[in-house]
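A.B. asks: So that we are looking at the same thing, I have put the structure below in structure tokens.
There are 2 protein chains.
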Amino acid sequence: MDVDLRLLRSFAAVAAEGNLTRAAERLYLSQPALTKQIRQLEHLLGTALFTRSKTGMALTGPGEALAAAAPAVLGAWDAARRAVRAADRDASNVLRVGYLASAANERTRPIIAAFRERRPGWRVELRQASWGDPVGGLDSGDVDAAFMRLPFPRQDEFELAVLFTEPRCIAMAADHPLAGHAELRFEDLLDEPFIAAPKATGAFRDHWIEAEGRGGRPVRIGAVTELPDDWLSAIAAGDGIALAPESAARFYARPDIAYRPVTGVAPSTVALVWPRGAAGGGALADFVAAATAFAD
Amino acid sequence: MDVDLRLLRSFAAVAAEGNLTRAAERLYLSQPALTKQIRQLEHLLGTALFTRSKTGMALTGPGEALAAAAPAVLGAWDAARRAVRAADRDASNVLRVGYLASAANERTRPIIAAFRERRPGWRVELRQASWGDPVGGLDSGDVDAAFMRLPFPRQDEFELAVLFTEPRCIAMAADHPLAGHAELRFEDLLDEPFIAAPKATGAFRDHWIEAEGRGGRPVRIGAVTELPDDWLSAIAAGDGIALAPESAARFYARPDIAYRPVTGVAPSTVALVWPRGAAGGGALADFVAAATAFAD
DNA sequence: CACATCCATAACCGAAGGTTATACATACTG
DNA sequence: CAGTATGTATAACCTTCGGTTATGGATGTG
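These protein sequences, in sequence, are chains A and B.
So my numbering is basically just the index in the first sequence, starting at one, shifted up by 11.
So my numbering is basically just the index in the second sequence, starting at one, shifted up by 11.
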């Protein structure tokens, strides 16, 4: 009488999308597989969760009930994973820190060094998160803390310490016509296709396609990527241009990509983020202290 | 990164038993299968949950953390199932009522009839529960309410209405020497082997082997059964005798089984039980009202 | 009326998850 | 100290499950 939580996750996706096909896409799953999963869940619970129609999947009464209750189950599991992760951290003297792209840039190493000074015998394990996971593995207990760029979804559910800001620039293929200019104005780029993060990343995605700063002009999306390497490849392939932190020019220098300064966009903010209440005097607190020591 | 809750359930069993072999037994699983499950869970979480030794399995730090967090996850799932069940009940006009053995005896039909009078168009589905499930499917959302005999484990986590009591008698094989007596004294039966319910049923099991009423004399267990039919078969086979409600003589009359009155044991109490707070004015409340109308 | 959309079904395939039998290490016991 | 009991790990095997692609059928839509 137990479920695989994956079924619950799938159910939640279908309930949210109201559509099998799109939900399947979001879950990186084929549509027939999702059909099977939902059917399996319905069989397990002994009741229909959706009414099928040609316009999509609509929740039934029991379906509504499950949709309301499912987040609590998934949340409890996430909490369990965080607890296990925390215990493992303390038992093995390893702090796991997530990051997207270049973490805290040049400050990363000094921060880690300062932490090791406070906690001799501890190690720091850096772990790259996918943009597909909006909060970088923080709520799943994959990592104890993460270097994140603000804003990101559900940001206020976490504690964070802002470390620094840096200007943003434009990344484009080296042979892109715009690469001829030494400096760009963002208002000249409104019609260019942009490489974007997945939709699920909400405010993060919006920030990096500057959704707010284009005076209502819609964004053209050239490609959607989840990892720095894919992102670089898409840019180099000419699928579009992208906003990037200035430091990308140093950490992701490639012969087929050009980075140019741009005016008219706000800088990017890097912060250290951790789950609410997790830094109570332990090793994580020391890492936070080490990081903030290098904050601007 | 999602688990099958079965793994969590298995983990909890191993954590509680401190022993793979016994936990496997309790889960009706082979020991190698459990080994695999635990290993799989450890792999999923990326940390060791137990330290293996020849004396059993001891929890590690992360293991302790998971053991502390697992009940919340399983509880959330149970709550979800109950919510779905409640919605399904209201959507389909079917009230599902669990029972062990003979439910409310001869009062069962009148209760249902009275309920249908209050709720025309509704049906009542009776569903037998296994003694292996101490609370008769109540917390898993299998049923909306259940006819239970008191006491049963975690009884005070539920709401209940006592319906009636009835004397208990002794059931034994028809050719058992004691069957010659028209009436028995319990103090003469202390050395007889008894057919018992599974250990997991705690107070319920104790009540039916009269663990408290034998002056410290240990019980001999002749067999452990989970269902009335198995119970009857064990008795008929001569594996032991058993305490039974008087009504069993009517509802479970068999040529190979004799029921005899016994003195020196308290009567059995039948109650209607339902999850706390579930009877808020709905159909379940009407069923409770119908049942209590036939209470003593 | 053609077309796009969306869910269901079929056929297929590899991996997962269970079983029994057995090995191996340690602790207890006569 | 040998022998036995207890406890977990491994091996070999088999069935079921969960995923894939390809295709069908029903229903709104331009």
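Even for Gly, the Cβ is constructed at its ideal location relative to N, Cα and C.
Because the structure is a prediction, the values reported are computed rather than measured.
Consult DSSP for I246 (chain B) and reduce its assignment to one of helix, strand or coil.
C.D. replies: The answer is helix: DSSP assigns I246 (chain B) an H, G or I state.
A.B. asks: Applying the criterion that 16 or more other CB atoms from any shown protein chain within 10 Å of the CB defines a buried residue, is G148 (chain A) buried or exposed?
C.D. replies: Its Cβ being crowded by 16 or more others within 10 Å, G148 (chain A) is buried.
A.B. asks: Would you report the Cα separation of A69 (chain A) and V25 (chain A), rounded to the nearest angstrom?
C.D. replies: If you take the alpha carbons of A69 (chain A) and V25 (chain A), they lie about 9 Å apart.
A.B. asks: Does the Cβ-Cβ distance between F169 (chain B) and V95 (chain B) come in under 9 Å?
C.D. replies: Cβ atoms of F169 (chain B) and V95 (chain B): not closer than 9 Å.
A.B. asks: In the segment 232 to 244 of chain A, which residues sit with their C-beta less than 7 Å from some C-beta in chain B, listed in chain order?
C.D. replies: Here the close residues number zero.
A.B. asks: Is DSSP giving D101 (chain A) helix, strand or coil here?
C.D. replies: D101 (chain A): helix per DSSP, three-state reduction.
A.B. asks: Between which two residues does the beta strand (DSSP E) containing L16 (chain A) stretch?
C.D. replies: Here L16 (chain A) belongs to no beta strand (DSSP E); instead the alpha helix (DSSP H) covers L16 to E28.
A.B. asks: Leaving out five residues before and five after T320 (chain A) in sequence, what residues of the same chain have Cβ atoms less than 6 Å from its Cβ?
C.D. replies: The structure shown does not extend to residue 320 (chain A), since chain A spans only 12 to 307, so no value can be given for it.
A.B. asks: Taking DSSP as the reference, what is the three-state secondary structure of W142 (chain B)?
C.D. replies: Three-state result, W142 (chain B): coil.
A.B. asks: Does the CB of E221 (chain B) have a neighbour CB from chain A at under 9 Å?
C.D. replies: No, E221 (chain B) lies away from the interface with chain A (no Cβ there is under 9 Å from its Cβ).
A.B. asks: Look at the Cβ atom of V84 (chain A), then the Cβ atom of V108 (chain A), and state whether they are nearer than 9 Å.
C.D. replies: For V84 (chain A) and V108 (chain A), no; Cβs fall outside 9 Å.
A.B. asks: Less than 9 Å between the C-beta atoms of A112 (chain A) and Y263 (chain A), yes or no?
C.D. replies: Yes, the pair counts as a contact, with Cβ atoms nearer than the cut-off.
A.B. asks: From V146 (chain B) to L189 (chain B), what distance separates their C-alpha atoms?
C.D. replies: Between V146 (chain B) and L189 (chain B), the C-alpha separation is close to 33 Å.
A.B. asks: Pull up the CB-CB distance for F175 (chain B) and A306 (chain B), whole angstroms please, since I reckon it's below 8 Å.
C.D. replies: Contact holds; Cβ gap of about 6 Å.
A.B. asks: How about D297 (chain A) and R129 (chain A): are their beta carbons less than 9 Å apart?
C.D. replies: Yes, these two residues count as a Cβ contact at 9 Å.
A.B. asks: Quick one: what's got a C-beta closer than 6 Å to P204 (chain B)'s C-beta in the same chain, skipping five residues either side?
C.D. replies: If we look at P204 (chain B) and ignore the five residues flanking it on each side, its Cβ neighbours are R231, G233 and G251.
A.B. asks: Which term fits H218 (chain B), buried or exposed, when burial requires 16 or more other beta carbons within 10 angstroms of its beta carbon?
C.D. replies: With 16 or more Cβ atoms within 10 Å of its Cβ, H218 (chain B) is classed as buried.
A.B. asks: Specify the secondary structure class of T62 (chain A) as computed by DSSP and reduced to three states.
C.D. replies: T62 (chain A) falls in the strand class under three-state DSSP.
A.B. asks: Can you list the beta strand (DSSP E) stretches of 3 or more residues lying completely in the segment 103 to 131 of chain B, in chain order?
C.D. replies: Segments of the beta strand (DSSP E) lying fully in the segment 103 to 131 of chain B: 105 to 110.
A.B. asks: Among A:A78, A:A156 and A:G67, which residue has its Cα nearest to the Cα of A90 (chain B)?
C.D. replies: Looking at the Cα atoms, A:A78 is the closest of the given residues.
A.B. asks: Buried or exposed: which applies to E117 (chain B), given that a residue is buried once 16 or more other Cβ atoms fall within 10 Å of its Cβ?
C.D. replies: That one is exposed.
A.B. asks: Within 9 Å (strictly less), CB to CB, does P164 (chain A) reach chain B?
C.D. replies: So no, P164 (chain A) is outside the interface.
A.B. asks: Taking only beta-carbon atoms, is D155 (chain A) less than 9 Å away from chain B?
C.D. replies: So, not an interface residue.
A.B. asks: For E170 (chain B), write down the residues that DSSP places opposite it in a beta bridge.
C.D. replies: B:W285.
A.B. asks: Return the chain-ordered list of same chain residues with a C-beta closer than 7 Å to the C-beta of E198 (chain B), the five sequence neighbours on each side being excluded.
C.D. replies: So the list reads G275, once near-sequence residues are dropped.
A.B. asks: In angstroms with no decimal places, state the Cα-to-Cα distance between A35 (chain B) and A76 (chain B).
C.D. replies: So the alpha carbons of these two residues sit roughly 22 Å apart.
A.B. asks: Is it right to say E194 (chain A) is buried, meaning 16 or more other beta carbons lie within 10 angstroms of its own, or is it exposed?
C.D. replies: Result: exposed.
A.B. asks: To the nearest angstrom, how far is the alpha carbon of R265 (chain B) from that of A172 (chain B)?
C.D. replies: If I take the Cα positions, the gap works out to 31 Å.
A.B. asks: Please name the residue in A:R100, A:H187 and A:A125 whose C-alpha comes closest to that of G152 (chain A).
C.D. replies: When only C-alpha atoms are compared, the closest one is A:R100.
A.B. asks: Kindly indicate if chain A contains any beta-carbon less than 9 Å away from that of M12 (chain B).
C.D. replies: Yes - at least one Cβ of chain A is within 9 Å of the one on M12 (chain B).
A.B. asks: In three-state terms, what does DSSP make of P11 (chain A)?
C.D. replies: A query on residue 11 (chain A) cannot be resolved here, the shown segment of chain A reaching from 12 to 307 and no further.
A.B. asks: Any beta-carbon of chain A closer than 9 Å to the one on T58 (chain B)?
C.D. replies: For T58 (chain B), the answer is yes, since a Cβ of chain A falls inside 9 Å of its Cβ.
A.B. asks: Could you give the residue range of the beta strand (DSSP E) that holds F309 (chain B)?
C.D. replies: Not covered by the structure: residue 309 (chain B). The range shown for chain B is 12 to 307.
A.B. asks: Check the Cβ of L77 (chain B) against every Cβ in chain A and list those closer than 9 Å, keeping chain order.
C.D. replies: Here the neighbours are A91, R92, A94, V95 and A98.
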